Every structure is written in C-alpha cells, then in structure tokens.
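Residue numbers (this note's numbering), protein chains in the order written: chain A, 95 to 207; chain B, 6 to 115.
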C-alpha cells in the first residue's frame, strides 16, 4: 500500500539553527501538507501546497517557515532559525485532491535544545 | 476560521461494548469530516470519513454520523477489541486544510 515517508524520524537541533524536514508524498497525489503536534496536544495545520505554490497557511507558518518541492518526489519543510517552542512532531500528508482524504506520514520528532 | 470540539477527552469501555465519540464544528463551509486513529509514536491513520452530502457511513465495526444542521458528527465503534485502544481525532475541513479536534484517548478494558 502506498504511504507517505518522512525523514529523519528524530532530529535534535540547537536553538537558532536551520532544519529541513523531508517527505516523500504518495506518488500520484497533488496536494501536500505539513501539520505539527506538540506533545500531548492536537494536530495543528501549518501549510498546504498545490501546483508548486502555497494554497493555504496558518498563523503558525510565519516567515521562519518555508516549503519546497525541489523535484518530482520530495516535499520539504524548512525552519530557518529554530526556537524552543518549535519542538514538536511534524507530520507530512498528501492527498489526491479529488476525494479530500489526507494520508499522513509517521512524523519527524523535532527537538530544539 | 474553523473550530472543532471533541468529547470526551478520555473514554474507557469494556471489551465488546460500544464506544461513541462526538465532535462539533463551527464553519458551515466545511464539507469533509475524517476520523483518525493515532497509536503511540505514530502518525494519524485515517479510519473512516464522511462528506457533507451524506448522513451516515459504516465500515464493519466503525460508523460515522453527520448532522449538518446541528454541525456535529460522531464516531461509533461497536464490539470493541483491545486493539481499538488508541487516541482518536476528528477533523473538519476540505481538501486544502483540516482542523483537528483535541483527541479522545480510548482504552478498552479486557
């Protein structure tokens, strides 16, 4: 069964450093998303991406965040200067857009120290 | 924006009994309502969904109902089994964005 894959599974970074989280969405999907989940809390929407541009973003997704689809298979989330409060589980998801079903990856646990 | 409330936050049921989790949403433009199951250390797994033009959907032991007028939807799990123990999230939105509820930790007591 096709699945969304994310790397790395766990990333530890120093405050102020840049991090790039990587995702390979399901191959025939057209919509790509990043969500995050702070430990013990609900899943929060960050950004959606379609046709090589951001289609919607939340208040959380400020100028420190950016997304990119550098080639035909990868989808990345960059945080330019990490803060302690960026520590969370980051989930990538993808959807074919037609039915709306979003399938999530296993997540990257980001720890900012 | 959309706001989704979910109740209860924790639920314990005897194995074999039924479990019901309820959610309300605020944005009448939302047209897609999925339910996700999340096990410890894993990503949310889609278990069932319903669209705004349907009132009820069933898949084996799992069913979802939607009341558009009242803006609420519910997950029903019958004949619960130990492997149903997990955190369940409802969500509301569309293909561009989902807003999640706060989650329900379901524990099945053997």
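Note that the Cβ used here is the ideal one computed from N, Cα and C, for glycine as well. All values derive from a computational prediction rather than experimental measurement.
Cβ-based neighbour list, residue i, same chain, cut-off 7 Å, excluding 5 preceding and 5 following
i, result
"residue 198(A)", "98, 185, 187"
"residue 52(B)", "40, 41, 42, 67"
"residue 201(A)", "100, 183, 184, 185"
"residue 102(A)", "202"
"residue 181(A)", "204, 205, 206"
Option in the options with minimal Cα separation from residue i
i, options, result
"residue 32(B)", "25(B), 57(B), 19(B), 94(B)", "57(B)"
"residue 9(B)", "55(B), 69(B), 27(B), 101(B)", "27(B)"
"residue 104(B)", "122(A), 138(A), 127(A)", "138(A)"
"residue 84(B)", "69(B), 48(B), 22(B), 46(B)", "22(B)"
"residue 95(B)", "34(B), 65(B), 50(B), 17(B)", "50(B)"
"residue 5(B)", "96(A), 162(A), 123(A)", "Coverage of chain B is limited to positions 6 through 115, which leaves residue 5(B) absent and any answer about it impossible."
"residue 36(B)", "108(B), 110(B), 72(B)", "72(B)"
"residue 7(B)", "47(B), 59(B), 76(B)", "76(B)"
"residue 135(A)", "115(B), 92(B), 97(B), 112(B)", "92(B)"
"residue 97(B)", "65(B), 38(B), 54(B)", "38(B)"
"residue 141(A)", "166(A), 165(A), 173(A)", "173(A)"
Extent of the continuous beta strand (DSSP E) to which residue i belongs
i, result
"residue 12(B)", "9-12"
"residue 130(A)", "125-131"
"residue 158(A)", "Segment: none, residue 158(A) is in no beta strand (DSSP E) and carries neither H nor E."
"residue 99(A)", "99-101"
"residue 50(B)", "50-56"
Contact with chain A by residue i, beta-carbon distance below 7 Å
i, result
"residue 47(B)", "yes"
"residue 70(B)", "no"
"residue 105(B)", "yes"
"residue 102(B)", "yes"
"residue 60(B)", "no"
"residue 108(B)", "yes"
CB contact check: residue i to chain B, cutoff 7 Å
i, result
"residue 149(A)", "yes"
"residue 169(A)", "no"
"residue 160(A)", "no"
"residue 137(A)", "yes"
"residue 103(A)", "no"
"residue 108(A)", "no"
Residue(s) in a DSSP beta bridge with residue i
i, result
"residue 187(A)", "127(A), 198(A)"
"residue 62(B)", "69(B)"
"residue 32(B)", "In DSSP, residue 32(B) forms no bridge with anything."
"residue 138(A)", "130(A)"
Spatial neighbours of residue i in its chain, beta-carbon cut-off 6 Å, leaving aside the 5 residues before and after
i, result
"residue 110(A)", "175"
"residue 115(A)", "171, 184, 202"
"residue 112(B)", "17, 90"
8 Å Cβ shell around residue i - same chain, five flanking residues per side excluded
i, result
"residue 115(B)", "20, 87"
"residue 130(A)", "137, 138, 140, 154, 182, 183, 184, 185"
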